[in-house]
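**Q** Take this structure, written in structure tokens, and hold onto it; I'll ask about it next.
Residue numbers (my numbering): 17 to 84.
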């Protein structure tokens, strides 16, 4: 089963790629999505808090190494 760590990394990577594609194809404002995801990853590395983790825990995902 996928752990919370794997799900967070997959979600972040997917959101960044979507933001890049939309920024290139539709509007450069979509690059703000990439900035938001990046800032969230940085703050999570310092605080250990990630909103997605709380959602994934409620959905029954198992903890990995990074988010407990």
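Where is the CB? At the ideal position from N, CA and C, for every residue including glycine. Predicted, not measured: the structure shown is a model, and the values here were computed from it.
(1) Going residue by residue through the stretch 47–80, where are the continuous alpha helix (DSSP H) segments of at least 4 residues, counting only ones entirely within it?
(2) Could you check the C-alpha separation between residue 39 and residue 57 for me, to the nearest Å?
(3) Enumerate in chain order the residues of its own chain whose CB-to-CB distance from residue 45 is below 8 Å, with the five nearest sequence positions on each side excluded.
(4) Start and end of the alpha helix (DSSP H) containing residue 30?
**A** For this structure:
(1) 47–63, 67–74
(2) Indexing the chain shown from 1 puts residue 39 at position 23. Indexing the chain shown from 1 puts residue 57 at position 41. Each residue's Cα considered, the two are about 20 Å apart.
(3) Working through the chain shown from its first residue, we reach residue 45 at position 29. Result list for residue 45: 39, in chain order.
(4) Position 14 of the chain shown holds residue 30. From DSSP, the alpha helix (DSSP H) with residue 30 extends over 20–41.
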